[in-house]
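First the structure, in the form of structure tokens, and then the observations on it.
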Amino acid sequence: MGDGVPLIRLGDTLLVSLQGDLDDAAALRIEDRVAREVARIGAKGTLDGDSGDGWAVASSRGRLAALVVDALGHGPLAHAGSVSAVTALGERPTDDLTGYVRRAHEAMRTTRGGVLGVGVIHAQLGELTQASVGNVSGHVRVEGVSSTLRSREGTLGTALEMPQVHRAAYPWGPGATLVLASDGLRSHRELLARPGLLRHDPTVVAAAVLRDAERNADDATVLVVRDEREPAG
């Protein structure tokens, strides 16, 4: 699986987290032995000092959770914020998305705060559920149809009351792809519309988006999750 990719076993949860790249040599396949579903993950991020961006995937109870978090600012304090949100994902990651966002909000209250987008894939039910606060963007492509995952303005960890959480459900199936990206990337929507791009390996998709997208003066992260089951027909 490659050096430097931390795997944390918490009960029946397998949490994988990294700030920066999951490169081609360390391309990750997660197999949930209960659900017998396999996903392939690709992630790329800018990493210059302590990044405020982070990502994680967690496999639990036949489901797969994928997270991108963008803590406010850059440097050690921002890094602490993203680590807080990632750590909170390890606690019942796929049971209750609103509950996870609440835990992340509480954990980030001792930091600068930040925004996040999280999706839970239930392959057997053919469903992706999504929750987000702030400007982490998301896209899902299933059977040739692309959808933009909507979000709601807000910042976690900066006030006593948790901001409103946007939640939605989308179809999922064999060959489907989920993309989550932080706001350090401005033009990735147009890049994802390139014919055939999402048919490539997730590590290639993530690298292409990070290479070609216009960037803000900010950390940038893109996470790509692909369902490796072959589509029917």
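For what it's worth, numbering that gives the first Met the number 0 labels the leading residue of the sequence shown as 0, then goes sequentially. Even glycine gets a Cβ: it sits at the ideal position worked out from N, Cα and C. Source: prediction; values computed, not measured.
TODO: Taking all protein chains shown into account, decide if A106 is buried (16 or more other Cβ within 10 angstroms of its Cβ) or exposed.
DONE: Sixteen is the threshold: when 16 or more other Cβ atoms of the shown chains lie within 10 Å of the Cβ of A106, as they do, the residue is buried.
- [ ] Inspect the beta-carbon positions of H138 and T128 and report whether they are closer than 7 Å.
- [x] No, Cβ-Cβ distance for H138 and T128 is not below 7 Å.
Open item on the list: With distance defined between alpha-carbon atoms, name the residue in A70, G72, G172 nearest to V144.
Closed with: G172
Open item on the list: What does DSSP give as the partner residue(s) for P170 in the beta ladder?
Closed with: Per DSSP, the beta-bridge partners of P170 are E126.
Open item on the list: Whether or not the stretch 61-75 and the stretch 106-124 are in contact is what I'm after, with contact meaning three or more pairs of Cβ atoms, one per stretch, closer than 8 Å; do they touch?
Closed with: In short, these stretches touch, since the Cβ pair count reaches three.
Open item on the list: Just list the residues that DSSP pairs G118 with in beta bridges.
Closed with: Paired residue(s): A65, Q129.
Task: Rounded C-alpha distance that separates L179 from R151 - done: Cα to Cα, L179 sits roughly 15 Å from R151.
Open item on the list: Please report the straight-line C-alpha distance between S136 and V221, rounded to a whole angstrom.
Closed with: 10 Å
- [ ] With distances taken Cα to Cα, identify the nearest neighbour of D211 among R193, R228, M161, A87.
- [x] R193
- [ ] Could you give the DSSP three-state label for H73: helix, strand or coil?
- [x] coil
- [ ] Mind checking which residues open and close the alpha helix (DSSP H) that includes T202?
- [x] 201-211
Task: For T97, three-class secondary structure by DSSP - done: helix
TODO: Determine the DSSP secondary structure at G80, reduced to helix, strand or coil.
DONE: G80 falls in the helix class under three-state DSSP.
TODO: Decide if L88 is buried, meaning its Cβ has at least 16 other Cβ atoms within 10 Å, or exposed.
DONE: Buried is the label assigned to L88, since at least 16 other Cβ atoms lie within 10 Å of its Cβ.
Open item on the list: Considering only their Cβ atoms, is the gap separating A84 from L115 smaller than 7 Å?
Closed with: Yes. Within cutoff.
Open item on the list: Using the three-state DSSP reduction, which class does T86 fall into: helix, strand or coil?
Closed with: helix
Open item on the list: My assumption, with CB atoms under 8 Å, is that H153 sits in contact with G174. Please give the rounded CB distance.
Closed with: The sequence shown places Gly at residue 153, not His. That belief does not hold up - the Cβ atoms of G153 and G174 are roughly 33 Å apart, past 8 Å.
TODO: May I have the straight-line CA-CA distance separating E142 from P230, to the nearest angstrom?
DONE: 8 Å
Task: Given Y99 as reference, the closest of A70, M161, L124, Q123 once Cα atoms are compared - done: M161
Task: Nearest to T110 (by Cα), restricted to the options Q163, A79, S58 - done: The residue with the shortest Cα to Cα distance from T110 is A79.
TODO: Could you check how far apart the C-beta atoms of G156 and G113 are, in whole angstroms? I think they sit under 8 Å.
DONE: 7 Å
- [ ] Using the Cα positions of R166 and W54, report the straight-line distance between them to the nearest angstrom.
- [x] 19 Å
Open item on the list: If you follow the beta strand (DSSP E) that T157 is in, where does it begin and where does it stop?
Closed with: Looking at the DSSP string, T157 is not in any beta strand (DSSP E), and its letter there is neither H nor E.
Open item on the list: Taking only three categories from DSSP, how would you classify A231?
Closed with: Collapsing the DSSP output to three states places A231 in coil.
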